[in-house]
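J.: Sequential numbering of the sequence shown, starting at 1, is according to the UniProt record's numbering.
Structure in structure tokens, see below.
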Amino acid sequence: MKRAGLGAAILLGGCVVAGLLWVGLGQSGSVVRTAEQLERGADIYATNCASCHGAKLEGQPDWKRRLPSGRLPAPPHDASGHTWHHPDDVLFRITKEGPAVVVGGSYESDMPGFNEVLSDDDIRAVLDFIKSTWPERERQHQATMSREKEAS
């Protein structure tokens, strides 16, 4: 009887662990962030990004049209923009190093790299916050690109 009880306890414990892992994963296989983590990302975004990319992630007006300086305005990070067209590693590097570094110097904007302002965890928190605002279709598209890029 004790063996059956021990086996049942082990099976139950395994199911609990598996359930927790499942709850911790989104449909795309990406880790689901807690409300606190997303709030942290939103706070970091508000402090460091919203002045250019907009409080509602709307970007600057006419973001596809070059300014008189030849540089591009800040794009939106909501579903109307192109942020979700990039895999995670590209978004991370753009935020950390600046877009010109990632795009080979061909993308001229006023965005600085935040490598001396934000930690890697801060950057990931901001990106998780931004992604959390996208509709499911855009999130799935971006998650698929990220997985494919990681696998290659």
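Yeah, the Cβ is synthetic: ideal placement off N, Cα and C, and Gly gets one too.
Can you tell me where the alpha helix (DSSP H) holding residue 115 begins and where it ends?
T.: It is not in any alpha helix (DSSP H) - residue 115 carries neither H nor E in the DSSP assignment.
J.: Kindly provide the ranges of any alpha helix (DSSP H) runs that are 4 or more residues long and lie completely inside the region 29 to 102, ordered along the chain.
T.: Correct list: 35 to 48, 50 to 53, 88 to 97, 99 to 102.
J.: Among 87, 117, 60, which residue has its Cα nearest to the Cα of residue 144?
T.: When each option's Cα is compared against that of residue 144, the closest is 87.
J.: Once the 5 residues before and after residue 58 are set aside, which same chain residues still bring their CB inside 8 Å of it?
T.: Answer for residue 58: 76, 78, 80, listed in chain order.
J.: Rounded to whole angstroms, what's the CA-CA distance from residue 72 to residue 108? Just pull it up for me.
T.: Computed Cα separation, rounded: 6 Å.
J.: Residue 92 to residue 118, Cα distance in whole Å?
T.: Going by the C-alpha atoms only, they are around 11 Å apart.
J.: Does the beta-carbon of residue 47 have 16 or more other beta-carbons within 10 angstroms, so that it is buried, or is it exposed?
T.: Exposed: under 16 other Cβ atoms inside 10 Å.
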